[in-house]
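What follows is a single structure, written as structure tokens, with notes after it.
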Amino acid sequence: MAWHKAASVSQLDDDEVVGVEVAGTPVAVYQLEGQYYATHDICTHEYAKLSDGYVEDGCIECPLHMGLFKIATGAAQGAPVEVDIATYPVKVEGDDILIDLPEG
Ligand code: FES
Numbered sequence: 009m010a011w012h013k014a015a016s017v018s019q020l021d022d023d024e025v026v027g028v029e030v031a032g033t034p035v036a037v038y039q040l041e042g043q044y045y046a047t048h049d050i051c052t053h054e055y056a057k058l059s060d061g062y063v064e065d066g067c068i069e070c071p072l073h074m075g076l077f078k079i080a081t082g083a084a085q086g087a088p089v090e091v092d093i094a095t096y097p098v099k100v101e102g103d104d105i106l107i108d109l110p111e112g
């Protein structure tokens with residue numbers, strides 16, 4: 009695992025998501041009630057960027073077929089999504105939001 013800068017605190021307001029590419033991995037970075045989270049940015053159902061979706065009640069709603077994933081855990085919330093999305097540890101240093109990505 010290795011820490012990478014993914015986004016800036018100043019980029020995100022509450023209940024917002026931003027899509028970034030970190031070391032070749034598409035990542036969605038979120039702010040929920042002052043806490044920051046990161047998940048893989050591609051839906052596990054078909055190809056859609058979750059960062060183009062909507063944050064609601066602690067979940068991200070996929071823009072393509074409205075599948076829901078819990079942002080904090082990546083847990084798929086039911087049809088049409090059945091496979092959880094990967095989540096990544098997050099830490100904040102100054103204005104930098106860092107995420108811990110698996111190597112390789
Ligand atoms: Fe995300 Fe279908 S691609 S719910």
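All letters in the sequence shown, in the order written, are residues 9 to 112 by our numbering.
Note that CB positions come from ideal geometry on N, CA and C, so glycine has one too.
(request) Ignore the nearest five residues each way along the sequence and tell me which others in Thr-95's own chain have a CB closer than 6 Å to its CB. (result) Within the same chain, Thr-95 has close Cβ partners Thr-47, Gly-82.
(message) Output needed for Ser-59: all residues of its chain with C-beta closer than 7 Å, excluding positions within five of it in sequence on either side, in chain order.
(response) Correct list, in chain order: Val-25, Val-26, Gly-27, Ala-36, Asp-49.
(message) Going by C-alpha to C-alpha distance, which of Lys-99, Val-98, Glu-69 sits closest to Gly-86?
(response) It is Glu-69.
(message) Assuming the contact rule is C-beta atoms closer than 8 Å, Leu-109 and Val-98 should be a hit. Round their C-beta distance to whole Å, please.
(response) With 8 Å as the limit, Leu-109 and Val-98 do not qualify as a contact, their Cβ atoms being about 11 Å apart.
(message) So for Leu-20, helix, strand or coil by DSSP?
(response) In the three-state reduction of the DSSP assignment, Leu-20 falls in the coil class, being assigned neither a helical nor a strand state.
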